[in-house]
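These notes concern the structure reproduced below.
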Amino acid sequence: MGVGIRLTGVTKKFGTFAANSNISLAVEEGTIHALIGENGAGKSTLTKMIYGMFRPTTGEIAINGKTVRFSSPREAIEAGIGMVHQHFMLVDELSIAENIMLGNEQTGLFRRIPLQKIRARIINDAEAFGLAVNPNEKVGKLSVGQQQRVEILKLLFRNASIMIFDEPTAVLTPSETEQFFATLRSMRDKGKTILLITHKLDEVLSVADTISVMRKGELIGTLPAASATKPGLATMMVGRSVLLAVDNPPPRPGETLLALSNLGFITPDGKKMLESLTLNIKSGEIYGIAGVEGNGQSELLQALRGLAPEGSTITGKATLKGESLIGKTPAAITLMGVSHVPENRLREGVILDYPVSSNLIFGRHQEQSFRKRTGFNHNEVRIHSNRMISEYDIRCSSPELQPISALSGGNQQKVVVAREFTRPEISLLILAQPTRGVDIGAIELIHKKIIAAREKGMAILLVSSELEEITALSSRIGCLYKGTLRYEFSHDEVALKREREDEFIKEIGLYIN
Amino acid sequence: MNSSKRSASTSTETAVTMTKITGQLLIPLLSVMTALLFSALFIAMIGEDPVMICSKMVRSTIGSSYGTGHVLFRMTTLVLVALAVAIPFKVRLFNIGAEGQLLMGAFAAAMTGSIIGETLSSTVAIALCILSAMAAGCAWALLAGVLRVQFGVNEVIGTIMLNFIAQGITGYLLTWHFALPSTVHTAPISNAAIIPTIESLTGWFAKSPANLSLLLSLALPLLFYALLFKTRFGYEMRAAGLQPEAARYGGINAKRHTLMAMGTGGAIAGLGAANIVLGYKHYYESGMTGGIGFTGIAVALLAGAHPVWILLSALFFGFLEYGGLSVNAWVPKDIFMIIEAMTILLVITFSSLGKQLNKR
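Residue numbers (the working numbering), protein chains in the order written: chain A, 1 to 513; chain B, 1001 to 1360.
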């Protein structure tokens, strides 16, 4: 077997900062090669160079044995490289077939497109790799998993021999992930070279043949998957040994703080997103909501935080310490003792252009201690931000000048977590995807802080699409399916089943699919 | 160890400030220089000597106290209308309606000024006229704000339409009801309502229309700078503009800020109208604003909507406007319209180029 991608001494500098330094790597033809590393380790810079979006500062890239110097992705595509981006590049209004042939219509600009031929080719590819789709369907109507299939078919249609996948499973359900892996394996078996960028260690171990680990712009090592272990990889990625499962002492629940009874939610366009949802959360308890995205999690959060879009209808009751949350403004709900780490950090959780210290008080800027006349008590703000930065290990150079957008995803999330966990007098702490896009090292810290918050007697609602996170942290678990709880695991059940995590996750999987 | 860490953080601090200054100062300067070069080229192309034209322009503007007064008078209006654009801009609203707000404000000031009589004290008369101009501008801008907040009418469309309506209303009222016979202007305002010229107090800028509104136009940008960047109100307002969803999550009432920003912008456009009516013309005349509300958009854009830079940007545009007028005998003043528009296009082009260069 030859070498599909060979990098020799590749360095990429942005100004004085080396995003990649002296990387040498060989991806064998007909293998699945995983590239792992924390955020900011340089994985995407590396793939962008292979895909012709960046040029290396020094060093050499060879594709299928030939040295190349791409100046645009088009040249990379012509050389047989295909890439599936984390955010799909599809046109919703066009059909699957039209999307697949886009930019490669096999005919002149004003000639008739050989649609029959193209459809036949698509169906052929789809059957060969287990990617069943109907070429005439509009892409906008497809599920995320199906859209990913379209992206893969696009690469096959262009006869790509090298395929790059950037965090492909981030948006997939557990069963879609299984299917996707089967497709990857069958493509490998037919001789395709696959480069998989990810940070999920379990997946890497189950699907990859070879694993390369990056850290801080350098390649730490490449090893066969057969000889790799999860803790070993984690240590390579972070540079120190990491606790993968947080220490979770038995909870001591107190009085009921949050009570939902028969909660219903109808969106402005008439979709029922929640229906007769009933649950309660006690003080000192973490209630995990397991579920595939789109089963009502977002609406539940909106209802509890007063963020439901205008025109939605909320029925039933939601009370915190007996006081209703429904119909109140976000500011009023905050005053009742609700703190909230939002689902979408970049859109809701921070103001990207504001410096770190301003973001550490965002949403809390009216608190007495931060105020001074019409402006801010800069001294207090500085003390607060320095305390948060050291307690939550936020890595930034100058908190009062550096905009938060300059921080890595993990550090941005630590800013949000620090701010929300330290509000005065919290009764209910709502955590939505608290570790999404966050490095292993940061996950460890955030998980510890969640357990500490529980020990302080807060009622915690944890919504996460990472089932491992749910099982590791929760005191009780509710399985959300189509807007209602299909099953609730009690304290005892959770404590018992946590011992055998893999089986537990599979069991939860049955209730949410 | 510790000291090396500190020096590293200082160097990033310097880097952050440097890029900020580059963005705020270098790009506009570069654009202005390029646009001036191009205009020199145009002037040469129509067969005139650019150096001669330029020196004439300088002599007739900042070279004489009368010319300086004219430049400052134009700058005053431009600062105010530019603020009317820049403040809504901070909440991501594009106020194209400064012209309409200016018209309504000017008409209101002239009307109030003509009915209050001569018996009132000057302070009260001026205050009344200014307040009515501000109220009219504010109401006109708020209308666009309400349309946006309550009915989702995009404020660009809203303010453009309201410009037409303002033109229609003032045009109708003037021609059919308030114009003095065989003129296109209203009755003059009461002497008590006239804002004193700077000449009357200090003797500077003799015979020019520069008046005390100038002081207002110097103070307001500083006031708004403090409001936007030093208060909790400004913190909330900018957040609402940058990321409306985050603002909602953070308990900020974004609708209120939309209305506040539009209303404040309109009121300040009204002040700009007061400068023209109470400080210069002393009546409302058809076509008296001459599109200066639109030039205000350019002034705000050149300054990156930053209240303090608006002062410089307005001075530059004021210079071009009056300087262009003064060399009209040699070169068509249309050339200066080209410079103004080109400067803005260059600012946008250069900032985008800068971003692309940073990325590569």
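Don't be surprised by glycine CBs; every beta carbon is placed ideally from N, CA and C.
**Asked** Hey, A:A432 and A:L301: beta-carbon distance below 9 Å or not?
**Response** Taking the first sequence and counting its residues from 1, the one referred to as residue 432 of chain A is at position 432. Taking the first sequence and counting its residues from 1, the one referred to as residue 301 of chain A is at position 301. Contact flag set, yes.
**Asked** Got a sec, what are the start and stop residues for the alpha helix (DSSP H) A:S357 sits in?
**Response** Mapped onto the first sequence, residue 357 of chain A falls at position 357. 356 to 359 is the span of the alpha helix (DSSP H), which, as asked, contains A:S357.
**Message:** Once DSSP output is grouped into helix, strand and coil, what is the label at B:T1159?
**Reply:** The residue labelled residue 1159 of chain B in the question sits at position 159 within the second sequence. Here B:T1159 sits in helix by DSSP.
**Prompt:** Which word fits A:S283, buried or exposed, when buried means at least 16 other C-beta atoms lie within 10 angstroms of its C-beta?
**Reply:** Position 283 of the first sequence, counting from 1, holds the residue named residue 283 of chain A. With 16 or more Cβ atoms within 10 Å of its Cβ, A:S283 is classed as buried.
**Asked** Looking only at its own chain, which residues have a Cβ that is under 7 Å from the Cβ of B:L1214, when we skip the five neighbours before and after it?
**Response** On the second sequence, position 214 is the one that residue 1214 of chain B refers to. For B:L1214, where only same-chain residues beyond five positions count, the Cβ hits under 7 Å are L1072, T1076, I1198.
**Request:** My understanding is that B:V1156 touches B:A1300, with C-beta atoms under 8 Å, so please give their C-beta distance in whole angstroms.
**Result:** In the second sequence, the residue the question calls residue 1156 of chain B occupies position 156. In the second sequence, the residue the question calls residue 1300 of chain B occupies position 300. Not confirmed; about 14 Å, so no contact.
**Request:** Report the rounded CA-to-CA distance for A:R345 versus B:E1321, giving the unit in angstroms.
**Result:** By one-based count along the first sequence, residue 345 of chain A stands at place 345. By one-based count along the second sequence, residue 1321 of chain B stands at place 321. Approximately 47 Å between the Cα atoms of the pair.
**Request:** Starting from A:H33, trace the beta strand (DSSP E) both ways and give me its first and last residue.
**Result:** The sequence position of residue 33 of chain A within the first sequence is 33, counting from 1. Where A:H33 is concerned, the enclosing beta strand (DSSP E) stretches over 32 to 37.
**Request:** Output the boundary residues of the alpha helix (DSSP H) element that contains B:L1083.
**Result:** Looking up residue 1083 of chain B in the second sequence gives position 83. Looking at the DSSP string, the run of the alpha helix (DSSP H) that includes B:L1083 is 1065 to 1090.
**Request:** Could you list which residues in chain E have their beta carbon closer than 8 Å to that of A:L307, in chain order?
**Result:** Reference to chain E is not applicable here, since the protein chains of this structure are A and B.
**Asked** Is the stretch 245 to 259 of chain A close to the stretch 59 to 76 of chain A, with three or more CB pairs under 8 Å?
**Response** no
**Nearest neighbour of A:F17, chosen from A:G42, A:I426, A:G2 [CA to CA]** = Position 17 of the first sequence, counting from 1, holds the residue named residue 17 of chain A. For A:F17, the nearest C-alpha among the options comes from A:G42.
**Message:** Using the three-state DSSP reduction, which class does B:F1233 fall into: helix, strand or coil?
**Reply:** Counting from 1 along the second sequence, the entry for residue 1233 of chain B is found at position 233. Here B:F1233 sits in helix by DSSP.
**Prompt:** Given that a residue counts as buried once 16 or more other Cβ atoms are within 10 Å of its Cβ, and exposed if not, what is A:D166?
**Reply:** Here residue 166 of chain A refers to the residue found at position 166 when the first sequence is read from its first residue. Buried is the call here.
**Message:** Which residues in chain A have a C-beta closer than 7 Å to the C-beta of B:R1256? List them in chain order.
**Reply:** Reading the second sequence from its first residue, position 256 is the one you call residue 1256 of chain B. Within 7 Å Cβ-Cβ: nothing; B:R1256 doesn't reach chain A, min ~11 Å.
**Prompt:** What are the start and end residues of the alpha helix (DSSP H) that includes A:Y511?
**Reply:** What you label residue 511 of chain A is simply residue 511 of the first sequence in a count that begins at 1. A:Y511 -> alpha helix (DSSP H) spans 501 to 512.
**Request:** Would you identify the three-state DSSP class for A:A259, choosing helix, strand or coil?
**Result:** Counting from 1 along the first sequence, the entry for residue 259 of chain A is found at position 259. Note: A:A259 maps to strand in three-state DSSP.
**Asked** For A:V438, which of helix, strand or coil comes out of DSSP?
**Response** In the first sequence, residue 438 of chain A corresponds to position 438, counting from 1. Coil at A:V438, not helix or strand.
**Prompt:** Skipping 5 residues on each side, what residues in its chain have a beta carbon closer than 6 Å to that of A:T256?
**Reply:** Reading the first sequence from its first residue, position 256 is the one you call residue 256 of chain A. N280, K282.
**Item:** Residue range of the unbroken alpha helix (DSSP H) whose run includes A:E178
**Value:** Along the first sequence, read from residue 1 onward, the residue named residue 178 of chain A stands at position 178. Start and end: 174 to 189.
**Message:** What does the alpha-carbon distance come out to for the pair B:T1202 and A:Q402?
**Reply:** Taking the second sequence and counting its residues from 1, one reaches residue 1202 of chain B at position 202. Taking the first sequence and counting its residues from 1, one reaches residue 402 of chain A at position 402. Distance between the alpha carbons of B:T1202 and A:Q402: 47 Å.
**Message:** For A:E105, tell me which candidate among A:R119, A:H33, A:G349 has the shortest Cα-Cα distance.
**Reply:** Taking the first residue of the first sequence as position 1, residue 105 of chain A is located at position 105. Nearest option by C-alpha distance: A:R119.
**Request:** Determine the chain A residues that contact B:E1245 at a beta-carbon separation under 7 Å, and present them in chain order.
**Result:** Working through the second sequence from its first residue, we reach residue 1245 of chain B at position 245. In chain order: R347, E348.
**Request:** Look at the Cβ atom of A:I32, then the Cβ atom of A:A208, and state whether they are nearer than 9 Å.
**Result:** To locate residue 32 of chain A, count along the first sequence from 1; it is residue 32. To locate residue 208 of chain A, count along the first sequence from 1; it is residue 208. For A:I32 and A:A208, yes; Cβs fall inside 9 Å.
**Asked** Can you list, in chain order, the residues of its chain whose CB lies under 8 Å from that of B:S1011, leaving out five sequence neighbours each side?
**Response** For this step, residue 1011 of chain B is matched to residue 11 along the second sequence. Only weak support is given to the placement of B:S1011: the predicted model assigns it a pLDDT of 45, under 50, and the value that follows is read from those uncertain coordinates. Closer than 8 Å at Cβ, skipping near neighbours: no residue.
**Request:** Indicate the three-state DSSP secondary structure (helix, strand or coil) for A:E488 in the structure shown.
**Result:** Position 488 of the first sequence, counted from the first residue, corresponds to residue 488 of chain A. Strand at A:E488.
**Item:** Interface positions of the stretch 366 to 389 of chain A facing chain B (Cβ-Cβ less than 9 Å), listed along the chain
**Value:** Q366, F370, R371, R373, T374, G375, F376
**Request:** Report the residue ranges of all beta strand (DSSP E) runs contained in full by the stretch 42 to 130 of chain A; include only those spanning at least 3 residues, in chain order.
**Result:** 58 to 63, 66 to 68, 81 to 84
**Asked** So, is B:R1074 buried or exposed, given that buried needs 16 or more other C-beta atoms within 10 angstroms?
**Response** Against the second sequence, residue 1074 of chain B aligns to sequence position 74. With 16 or more Cβ atoms within 10 Å of its Cβ, B:R1074 is classed as buried.
**Item:** the stretch 488 to 505 of chain A in contact with the stretch 298 to 316 of chain A per 3-pair CB rule at 8 Å
**Value:** no
**Asked** Are the C-beta of B:L1353 and some C-beta of chain A separated by less than 9 Å?
**Response** Residue numbering aside, residue 1353 of chain B sits at position 353 when the second sequence is read from its first letter. Answer no: the Cβ-Cβ gap between B:L1353 and chain A never drops below 9 Å.
**Asked** If you pair each beta-carbon of the stretch 77 to 91 of chain A with each one of the stretch 139 to 155 of chain A, do three or more pairs fall below 8 Å?
**Response** yes
**Prompt:** So A:N341 packs on A:P268, CB below 8 Å; how close in whole Å?
**Reply:** The residue you call residue 341 of chain A lines up with position 341 of the first sequence. The residue you call residue 268 of chain A lines up with position 268 of the first sequence. Going by the sequence as given, residue 341 of chain A is Val instead of Asn. That pair is no contact at about 26 Å.
**Request:** Spell out a yes or no on whether the stretch 1103 to 1123 of chain B and the stretch 1049 to 1064 of chain B are touching, meaning 3 or more CB-CB pairs, one atom from each, closer than 8 Å.
**Result:** no
**Complete runs of the beta strand (DSSP E) confined to the stretch 1166 to 1232 of chain B [at least 3 residues]** = none
**Request:** Spatial neighbours of B:R1248 within its chain, please: CB distance less than 7 Å, with the 5 preceding and 5 following residues excluded, ordered by chain position.
**Result:** Stepping through the second sequence from its first residue, residue 1248 of chain B is reached at position 248. Once the five neighbours on either side are set aside, the close Cβ partners of B:R1248 are A1254.
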